[in-house]
Amino acid sequence: QVQLVESGGGLVQPGGSLRLSCIINGSIPSGHTWAWYRQSPGTERDLVAAVTSYGTRTYKNSVKGRFTASRDNAKSTLALQMNNLQPEDTAVYYCNVGLSSLGLFGQGTQVTVSS
57 QVQLVESGGG LVQPGGSLRL SCIINGSIPS GHTWAWYRQS PGTERDLVAA
107 VTSYGTRTYK NSVKGRFTAS RDNAKSTLAL QMNNLQPEDT AVYYCNVGLS
157 SLGLFGQGTQ VTVSS
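My numbering numbers the first residue of the sequence shown as 57 and each following residue consecutively.
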C-alpha cells in the first residue's frame, strides 16, 4: 500500500516563499511521473508541476519561473519550492504519483497567501 504524506503548507504574505515536501511510503511502481496538484474552493483539482522518472519537469503556465519541483527517487521524496507567492496561489496542494492513470494522492496541505 502506497501512502503519500505532504508537509510545509502555511500562511505567507504575498511575495513570500514556501517549500512543500512529500514523503512517499510503500512500494512505488517504477517509471511513473510524480506531481503536485492544487485545488481551491469551488474549483477542480489542477496540475501545478510534474516530474517524470527521467527528471523532465513541466509546469502550469501561471507558476513558471516561480515554482520549482524536485524529485529524489532514492529517498522517495518530492518537493515544491514556491517563490513570489500570490493570493491566487491559495489552495490545498496535493502530492501525486502517476497523474490520473495511477491516481495516488496524499491528504493535502493548505497554502494561504494573504496580507
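Glycine included, C-beta positions come from ideal geometry on N, C-alpha and C.
Among the options, which has the Cα closest to the Cα of residue i?
i: Thr165; options: Gly121, Gly65 and Gln59; result: Gly65
i: Gly159; options: Val68, Asp128, Ala91 and Gly71; result: Ala91
i: Glu100; options: Lys131, Gly162, Gly154 and Val148; result: Val148
i: Tyr115; options: Arg122, Ala105 and Thr124; result: Ala105
i: Leu155; options: Arg75, Gly87, Val68 and Pro143; result: Gly87
i: Val119; options: Leu76, Asp145 and Thr108; result: Asp145
i: Ser157; options: Pro70, Gln59 and Thr89; result: Thr89
Using the Cβ count rule (16 or more neighbours within 10 Å means buried), how would you classify residue i?
i: Asn81; result: exposed
i: Arg113; result: exposed
i: Tyr110; result: exposed
i: Asp128; result: exposed
i: Ala125; result: buried
i: Asn152; result: buried
i: Gly162; result: buried
Can you name the residues that DSSP bridges to residue i?
i: Ala135; result: Ser77 and Ser126
i: Val148; result: Gln95 and Gln166
Just verifying my parser: in three-state terms, what is the DSSP assignment at residue i?
i: Leu141; result: coil
i: Ser83; result: coil
i: Val61; result: strand
Comparing the C-beta of residue i with each C-beta of chain D, is any distance below 8 Å?
i: Pro143; result: Going by chain labels, chain D is absent from the structure shown, which holds only one protein chain.
Relative to the ligand ATP, is the shortest distance from any of its heavy atoms to the C-beta of residue i smaller than 7 Å?
i: Ala135; result: By its list of ligands, the structure shown contains no ligand whatsoever, and the ligand ATP lies outside what it can speak to.
Task: Three or more C-beta pairs below 8 Å linking the stretch 134–145 and the stretch 64–78 - done: yes
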